[in-house]
Amino acid sequence: MSKETELVRNKAKELLEDGDVELVVGYEEGTYPSRTTPLFADTLEKAERLIWNPFCVNSLPKLLSKGHFEDKLAVFVKGCDSRTVIRLLQDNQLDRDEVIVLGIPCNGNVDLDKIKDKVDITTIIEVEVTNNGVNVKTEGSTEELSREEALYDKCLDCRFPNPVIADEVIGNEVSELPKNKNKDDEVASLANKSVAEKNEFWEAHFERCLRCYACRNACSACTCRDCLFDRDERSTWLAKGKTLSDNEAFHITRAFHVAGRCVDCGECERVCPVGIPVQKLNRKISLDMDNLFGIGEIATSEDDIDNPPPLGTFLTEDPEEFM
Amino acid sequence: MKRIGVFVCWCGSNIAGTVDVEKLSEEIGKMPNVAYSCNYKYTCSEPGQEMIKDAIKEHNLNRIVVAACSPRMHEPTFRKTLAGAGLNPYLLVMANLREQCSWVHHDEEKATEKSIALVRRAVQKAEFAVPLEPTTDSVTGRAMVVGAGIAGIQAALDLADSGHEVVVVEKEPTVGGRMAQLDKTFPTLDCSICILAPKMVDVSGHPNIKLYTNAEVDKLDGYVGNFTATIRKKARSVDEEECIGCGICWEKCPNSVPNKFDMGLGDRSAIYIPFPQAVPSVPVIDRDNCRYYETGKCGICQKLCPKDAVDFEQEDTFVEEEIGAVVVATGYDLYDPTRYPEYNYDKYEDIITGLHLERIMNASGPTDGKVKRPSDGKKPEHVTFIQCVGSRDSQKGHEYCSGVCCMYTAKHATYLKEHYDIDSSVFYMDVRAFKKGYEEFYRRTTDQFEADYLRGRVSRVYGEGDKLIVKGEDSMLGEQVTLETDMVVLATAVEAKPDARKVAQTMGVSYDESFFMTEAHPKLRPVETNAAGVFLAGACQGPKDIPETVAQASGAAAKAINLISKDEIENDPLIANCDTSRCSGCLRCIPVCPYSAVTEEEVTEWNHGEEVTRTAVNVNESLCAGCGTCSAACRSGAMNLRGFSNEQILAEVEAICL
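Taken in sequence, the protein lines are chains A and B. Take 105 as the starting number for the first sequence in the working numbering and just add one per residue. Take 2 as the starting number for the second sequence in the working numbering and just add one per residue.
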C-alpha cells in the first residue's frame with residue numbers, strides 16, 4: 105500500500121468516524137491495479153477500498169453537482185480538480201458548507217494508452233511520477249519512461265499541481281513541474297494558420313466525432329439540467345445527427361457555452377474516445393478573454409468564487425470595439 | 002394548425018419602387034402554413050387594415066405577418082388591427098422591408114431576393130408566436146423633476162398646476178440654473194432674471210411642489226409608474242427650516258473666494274447665496290473655503306445668526322420619494338476654450354467667454370452692470386467676438402452646432418452698441434438665425450447697430466500694450482485681417498455636463514457620443530426616452546435656446562401627466578420568463594439585469610420519488626423591461642423573452658441563413 109493510499113484511507117475513516125461527513129468520494133481499484141474508478145464511501149468498510157496513485161485521473165467534483173446529494177460529504181481533489189470545485193461553486197452548483205475539499209498535490213497522471221505498447225498494463229504494480237520521469241514497476245520488470253512518454257498531454261503543461269481550494273491538503277506540496285509542452289503555443293500556431301488550413305484541421309477531427317457527449321459530461325462548466333443538445337425541439341442547426349455540419353455546430357456551440365468559464369482542466373479532451381483536441385477550442389477562447397478583458401486564468405483561488413465570469417458581467421470600462 | 006396570413010405593403014413607392022411586391026407575395030404564398038398572401042399599396046390605411054380584418058375572417062387566419070416598415074412605426078397600428086379582428090395582438094410579426102431593404106438597396110432583383118428572405122424569417126417567427134396577455138400595475142400619481150433651471154422649473158410648474166405632487170431636485174443651492182446667470186434674452190432683450198424670478202418663486206411656494214436644493218438623485222429604483230428615488234441632501238451647514246435669509250452671516254464672513262456664479266469675476270464669502278434672487282434664500286457654507294472647516298476657529302456666522310441656524314456638524318442626509326414619472330432637466334455646460342491655444346484664453350484676462358460678458362453686463366454682476374475690462378477696469382471701446390469656439394469643429398471641439406451662439410453674440414453686439422456705445426466685430430462661420438424673429442434681430446445687429454461681421458476664422462489673439470490683437474481672415478474679401486481690440490469674447494459651445502453620463506446611467510437613459518441624453522425617437526417621441534416613465538427637458542438632451550427649452554419642458558410635463566394621471570398602466574407582455582425546470586440556478590441572470598427584475602427563488606419538485614428543493618429564479622413582471630439580457634446570459638436556455646423566444650430566434654436565423 106502506497107503512502108498516499110494510507111493517508112487517503114485514514115483521512116476518510118477519520119471523517120466518517122467523527123461524523124463530519126456522511127460520504128467520502130475518492131477512487132478504488134478497477135479491473136486491475138492500473139485502472140481506477142470513483143468510489144462513494146459511506147461506511148468504514150468501503151473507505152478501506154480507497155486508493156491514491158497516478159492513475160486517479162477522473163475529476164470527481166463534477167459528480168457532486170447539486171441535487172445529487174443531500175448529505176455533507178468530502179471529496180479528494182488534485183490541482184486541476186480543485187479548479188472544478190471553484191467552477192461549481194461559482195455556478196452555484198455546490199454548497200461550500202456541504203463539502204469538505206481534501207486536496208492532494210499531484211506530479212501528473214499516467215496515460216495508459218501511451219504506455220500500453222511499452223509495458224503490459226495488466227501487470228503494473230506501482231508507478232512513481234517525478235520531475236525527471238516515470239518509473240513503471242510491473243510484475244516482471246521496472247520500466248523507466250520520460251514524462252512525455254507516460255503522462256497525459258494535459259499534465260505536461262500543468263500550471264496547478266497543487267489544489268487552489270482545499271480545507272485540508274494531504275501530502276507534500278509540489279514545488280514546480282517541468283514544462284514538457286506548451287499548449288498555448290500550439291493553439292497560437294494553429295490560430296495563425298489560414299482559414300482553409302484550420303478548416304481542414306478541424307473537419308478531419310469533427311468528422312470522427314461520435315456525439316457520445318463524453319466531453320460535455322466530464323466538463324465542469326456543463327451543468328445545465330437540460331442540455332440543449334438533448335432537447336427534441338425542432339431545430340435544423342442544432343440537430344443530433346452525426347454529420348460533419350452538425351458535429352461542427354455541436355463543438356463550436358459547446359465551446360461558446362463554456363466560454364469564460366472553462367477552467368482548462370483538459371477533461372474534455374482526455375475523455376474523448378476518438379481523440380478530438382477539444383481543449384484547443386476552449387483554450388483559444390481563454391486566450392481571447394485574456395486579450396480582451398485581461399482575464400486569463402480564472403478560478404485560481406477561493407476568492408474567485410465571488411468574481412463573475414468575464415462574459416457574465418458588464419463593466420463600463422469594458423472594451424467595446426464591436427459596437 | 003397554423004394558418005398564417007402575409008400582407009406585403011408597397012408603402013407607396015417606398016417599398017414597391019425597389020421590391021417586386023407581386024413576386025414577393027407569390028413566393029411567400031408557397032411557404033407551408035401560409036394560408037393567404039397578398040400585397041397592397043398602403044396597408045396602414047383604413048382600407049388596408051379592413052382588408053387584413055376581412056382576410057382573417059375569410060381565410061380563418063390565426064397568425065399575421067405584415068411586411069412593411071419598421072415595427073417601431075406601425076407595430077402598434079397592426080396590433081390594434083388584429084385585436085379588432087378578434088385575434089390576440091401578439092400573434093402579429095412584422096418584416097421591415099422599408100428600412101432594412103428597399104431604402105438601402107437599388108438593384109430590384111437582389112432587393113426582391115432579400116425581401117423574400119426577410120419575410121420568410123417573419124413567417125418562421127410567426128409559426129412560434131403565442132398569444133400574450135398584458136398584466137396591469139398601479140401608478141404613483143407624483144412626479145420628480147431633476148434639475149431646476151428653466152426647463153425643470155417649467156416642467157415642475159406644469160405638473161404641479163395639473164394637480165399632481167412634484168418633487169424637484171436641484172444640485173445647486175438655488176433654483177434658476179443657467180438662465181439666472183444671463184443678463185438679457187434674445188430676440189426680445191427681456192431681462193432674464195426678471196422673467197425667471199417669478200417662476201423661481203412659484204416653484205418654491207407652490208403647494209404641490211416639494212423642493213430639494215443642494216441635493217442630488219443617488220439612485221432610481223423601480224419602474225414606470227412606480228419609481229423610488231433616493232435623494233442625497235448634501236450638507237448645507239445651515240438649517241433650512243430655521244434660516245430667515247437675513248444675510249448677516251454672508252455680510253460678516255471674513256473669507257472671500259471667487260464667485261462661481263459670476264464666472265470667477267467677482268468675489269463672494271464662504272457662507273453665501275449664489276445671487277440676490279436665489280431661491281430658497283438660504284445660504285450654504287462652501288466647506289472647502291471656510292475658515293472654520295480649515296482651522297476649527299472662526300464661527301462668526303454661527304455666533305451672529307439670530308436663529309441659531311448655522312450647523313457646522315450637519316451631514317448629508319438621504320430621503321426616499323415615491324414617484325410615477327421622472328423629468329430629467331439637468332442642463333448643459335460650456336466648452337473650455339483653453340483647448341484653442343491660439344486664442345490665449347488663459348493668458349489674457351480680457352479674453353472672456355459669452356457667459357462672462359453676461360455677468361459683466363448684469364446689474365447684480367461683479368461690475369454692477371458697467372462694462373469694464375477685467376484686467377484694468379477700463380471701459381472697452383471695441384469688442385471682438387469669435388464664433389464657433391468648440392462648435393462645428395470635430396478636431397478640437399464638437400461636430401454639432403450649438404445653436405444658440407449666433408444669437409447670443411448678436412444680442413451682445415446689439416446691447417453693447419445700444420446701451421454702452423461700444424463697437425463690435427464678429428468673426429463667424431455662418432450666421433444661423435432661423436427661428437421666429439431671429440433673422441430680423443440679426444439684421445438689426447448689423448444694419449442698425451453696425452456690428453462688423455467678418456466671415457472667417459481667427460488664427461491668433463495676443464496682447465500688445467493694453468490692446469488685444471486679433472489676426473484672422475475675411476473670407477468674403479479673401480484677405481487676412483488684423484484687428485486692434487479691447488476685449489475678445491469667445492462664443493463657447495454648449496456641451497453636456499461632466500456628470501451627464503452618470504446622471505443618464507442613474508436614470509437608465511441612453512446618451513449619444515457627446516453625452517447628451519437620447520430621446521426615444523428624434524421626431525415622433527422627442528421628450529420620451531427609452532426608459533419608460535423618464536422624460537427629457539432642455540439642454541441635457543442637446544443644445545437649446547430658452548423658447549425651445551420651455552416648449553420641450555411643457556411637452557415633457559404633458560407626457561408625464563399623461564402617465565401619472567392614470568390609475569393603472571398595462572405592462573408590456575414582451576418580458577422575460579424563466580422555465581424553472583431548466584434553470585440550473587447559476588444565478589448569472591441576476592447581476593446582468595439592469596432593472597433588478599430577476600430574483601432567486603426556491604423551487605420544490607418531485608425527483609425520483611423524493612421531494613427536492615433547489616434554487617431557481619423568478620422574473621418580476623412589472624420590473625422587467627424585456628431587454629433580453631438575462632436570456633442571452635442564460636446558458637441553459639431557461640430564460641426566455643416572450644415574443645422573442647429562443648425558439649423563435651433560432652427559427653428566424655434558420656429561415657435567413659439556411
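Where is the CB? At the ideal position from N, CA and C, for every residue including glycine. Being a predicted model, the structure only gives us computed values, none of them experimental.
Item, Value
"Contact check, K258(A) vs G183(A), beta carbons under 9 Å", "no"
"Supposed close pair Q542(B), F517(B) - CB separation, criterion 8 Å", "6 Å"
"Own chain, CB closer than 8 Å to V669(B), minus 5 neighbours either side, in chain order", "The shown model of chain B, from 2 to 659, leaves out residue 669(B), and the question about it has no answer."
"T507(B), enclosing alpha helix (DSSP H) - first and last residue", "A501 to M508"
"Integer Cβ distance of M588(B) from N196(A), believed to fall under 8 Å", "Note that residue 588(B) is Leu in the sequence shown here, rather than Met. Between N196(A) and L588(B) the Cβ distance is about 5 Å, and since that is below 8 Å, they are a contact."
"Cβ of R636(B) within 9 Å of any chain A Cβ", "yes"
"For A577(B) and N647(B), believed in contact at Cβ under 8 Å, the rounded distance", "With a Cβ gap of about 11 Å, N647(B) and A577(B) do not count as contacting."
"Closer than 9 Å at the beta carbon, the chain A residues around G178(B)", "What G178(B) touches in chain A: nothing, since even the nearest Cβ is about 28 Å away."
"Positions along the segment 568-588 of chain B whose CB lies within less than 8 Å of some CB in chain A", "S582, R583, C584, S585, G586, C587 and L588"
"Residue span of the alpha helix (DSSP H) that contains K128(B), given as start and end", "Reading the sequence as shown, one finds Glu at residue 128(B) and not Lys. Per DSSP, E128(B) belongs to the alpha helix (DSSP H) from E109 to E128."
"Strand pairing of W607(B), partner residues [DSSP]", "E612(B)"
"Sequence-distant residues of the same chain with beta carbon closer than 6 Å to V225(B), five excluded per side", "A533 and G534"
"Counted within 10 angstroms of its Cβ, other Cβ atoms place Q50(B) as buried (16 or more) or exposed", "buried"
"Pairwise C-alpha distance: N97(B) and A652(B)", "17 Å"
"contact_flag[the segment 233-251 of chain B, the segment 276-287 of chain B] where n(CB pairs < 8 Å) is 3 or more", "yes"
"Where F421(B) sits in the DSSP three-state scheme", "Per the sequence presented here, residue 421(B) reads as Tyr, with Phe not at that position. Y421(B): helix per DSSP, three-state reduction."
"Collapsed DSSP secondary structure at G212(A) in the structure displayed", "coil"
"Cβ contact check for the segment 94-113 of chain B and the segment 12-20 of chain B: 3 or more pairs under 8 Å", "yes"
"Cα-Cα separation, E76(B) to Q506(B)", "28 Å"
"Collapsed DSSP secondary structure at V528(B) in the structure displayed", "coil"
"Whole-number beta carbon distance between N621(B) and T600(B), since they are thought to touch under 8 Å", "7 Å"
"Through-space distance from A236(B) to C244(B), alpha-carbon basis", "14 Å"
"Boundaries (first-last residue) of the beta strand (DSSP E) holding Y131(A)", "L127 to E133"
"Exposure of K111(B), with buried meaning 16 or more beta-carbon neighbours within 10 Å", "exposed"
"Close-in-space but distant-in-sequence residues of the same chain around E126(A) (CB under 7 Å, 5 per side omitted)", "D146, D175, K176 and L177"
"Partners in chain A for T616(B), counting only beta-carbon separations shorter than 7 Å", "N196"
"Contact with chain B by D146(A), beta-carbon distance below 9 Å", "no"
"The segment 85-97 of chain B in contact with the segment 116-127 of chain B per 3-pair CB rule at 8 Å", "yes"
"Test item: CB-CB of I151(B) and L197(B) under 9 Å", "yes"
"Rounded C-alpha distance that separates P499(B) from S511(B)", "15 Å"
"Contact under 9 Å by Cβ, R64(B) with G142(B)", "no"
"Exposed unless 16 or more other CB atoms sit within 10 angstroms - verdict on A300(A)", "exposed"
"Reduced DSSP category for V218(B) - H, G, I as helix; E, B as strand; rest coil", "strand"
"C-alpha distance - K166(A) paired with T630(B), whole-angstrom precision", "28 Å"
"Nearest-angstrom beta carbon gap, G325(B) and A144(B) [assumed within contact, 8 Å]", "6 Å"
"Rounded distance between the beta-carbons of N235(A) and L206(A), thought under 8 Å", "Between N235(A) and L206(A) the Cβ distance is about 24 Å, and since that is not below 8 Å, they are no contact."
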